[in-house]
Amino acid sequence: EPEVTQTPSHQVTQMGQEVILRCVPISNHLYFYWYRQILGQKVEFLVSFYNNEISEKSEIFDDQFSVERPDGSNFTLKIRSTKLEDSAMYFCASGRAGGMSPLHFGNGTRLTVT
Amino acid sequence: KQEVTQIPAALSVPEGENLVLNCSFTDSAIYNLQWFRQDPGKGLTSLLLIQSSQREQTSGRLNASLDKSSGRSTLYIAASQPGDSATYLCAPYSGGGADGLTFGKGTHLIIQP
Numbered sequence: 060e061p062e063v064t065q066t067p068s069h070q071v072t073q074m075g076q077e078v079i080l081r082c083v084p085i086s087n088h089l090y091f092y093w094y095r096q097i098l099g100q101k102v103e104f105l106v107s108f109y110n111n112e113i114s115e116k117s118e119i120f121d122d123q124f125s126v127e128r129p130d131g132s133n134f135t136l137k138i139r140s141t142k143l144e145d146s147a148m149y150f151c152a153s154g155r156a157g158g159m160s161p162l163h164f165g166n167g168t169r170l171t172v173t
Numbered sequence: 358k359q360e361v362t363q364i365p366a367a368l369s370v371p372e373g374e375n376l377v378l379n380c381s382f383t384d385s386a387i388y389n390l391q392w393f394r395q396d397p398g399k400g401l402t403s404l405l406l407i408q409s410s411q412r413e414q415t416s417g418r419l420n421a422s423l424d425k426s427s428g429r430s431t432l433y434i435a436a437s438q439p440g441d442s443a444t445y446l447c448a449p450y451s452g453g454g455a456d457g458l459t460f461g462k463g464t465h466l467i468i469q470p
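As structure tokens, then:
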């Protein structure tokens, strides 16, 4: 069964550094998402991406964040200047028909900012 | 703004029991609701998606019900097994296609062998 894959599984970075989290969504899906989960807290929506542009972003997704689909398979989340509070598990997800169909999640990237 | 509450927060039962997980949400204008399972250190796996026009949806030993007007959904797990141990999350969907899901904090379920 097709899967959403994320790399790396764990990333450690210093405060102020830029990080890029990578995702390969399921190939015939059209809607792509990033979510994050701070340890012990709820899964939170960051951004949705459809037709090569951002469809919606949450209050969390400020100017430090950006997303890109550089080619036909990859979907990336960039954090420009990481803060301690960016430490979390970041999940990529994809779906055929947005919220109207089941979402498929990757196993996440654990980001630790020191 | 949609708020999702899941009760109980944690549950530990012996193997073989039937159990019910509860989810309530504040905005009843939803298109559907998904139930997910999350294993430790892993991503979320969609278990069931129940449309707003449906009352129930079944997959194997899992049955989800939805009472949209009262803002409630339940996930029923029949004949629980140790492999069912995980955190179960519900997420109602209110948006117009590409909008994000709102999650509850989940129910942490342990099935004792």
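Keeping their order, the protein sequence lines are chains A and B.
In terms of this note's numbering, the first sequence is residues 60 to 173.
In terms of this note's numbering, the second sequence is residues 358 to 470.
By construction, the Cβ of each residue, glycine as well, lies at the ideal position given by its N, Cα and C atoms.
Source: prediction; values computed, not measured.
C-beta contact flag for residue i and residue j at 9 Å
i	j	result
Phe124 of chain A	Leu136 of chain A	yes
Glu106 of chain A	Tyr90 of chain A	A small fix is needed here, since residue 106 of chain A is Val in this sequence, not Glu. Going by C-beta atoms, Val106 of chain A is not nearer than 9 Å to Tyr90 of chain A.
Tyr388 of chain B	Met148 of chain A	no
Tyr450 of chain B	Leu376 of chain B	no
Chain A contact for residue i (CB, 9 Å cutoff)
i	result
Asn486 of chain B	The question about residue 486 of chain B has no answer, for chain B in this structure spans 358 to 470.
Thr459 of chain B	yes
Leu368 of chain B	no
Ser385 of chain B	no
Tyr325 of chain B	With chain B represented from 358 up to 470, any question about residue 325 of chain B goes unanswered, as that position is not in the structure.
Beta-carbon separation (whole angstroms), residue i vs residue j, contact threshold 8 Å
i	j	result
Asn166 of chain A	Ser86 of chain A	No, Asn166 of chain A and Ser86 of chain A are not in contact; Cβ-Cβ is about 18 Å, not under 8 Å.
Ala421 of chain B	Ile407 of chain B	5 Å
Cys82 of chain A	Gln96 of chain A	Contact doesn't hold; Cβ gap of about 15 Å is too wide.
Test: residue i CB closer than 9 Å to a CB of chain B
i	result
Asn166 of chain A	yes
Lys142 of chain A	no
Phe150 of chain A	yes
Residues sharing a beta bridge with residue i, DSSP
i	result
Thr148 of chain A	According to the sequence provided, residue 148 of chain A is Met. The question's Thr does not apply to it. In DSSP, Met148 of chain A forms a bridge with A:Gln96 and A:Arg169.
Gln395 of chain B	B:Leu401 and B:Thr444
Phe91 of chain A	A:Phe108 and A:Ser153
Lys137 of chain A	A:Ile79 and A:Ser125
Lys116 of chain A	A:Val106
Thr464 of chain B	B:Tyr445
Exercise. The segment 113-127 of chain A: which residues have C-beta closer than 7 Å to a C-beta of chain B, in chain order?
Worked result: Ser114, Glu115 and Ser117
Exercise. Quick one, which residues of the segment 407-438 of chain B are near chain A if we go by CB-CB under 7 Å, in chain order?
Worked result: none
Exercise. Using a Cβ cut-off of 8 Å, which residues of the segment 79-92 of chain A contact any Cβ in chain B, in chain order?
Worked result: Tyr90 and Tyr92
Exercise. The segment 96-115 of chain A: which residues have C-beta closer than 7 Å to a C-beta of chain B, in chain order?
Worked result: Lys101, Val102, Phe104, Ser107, Tyr109, Ser114 and Glu115
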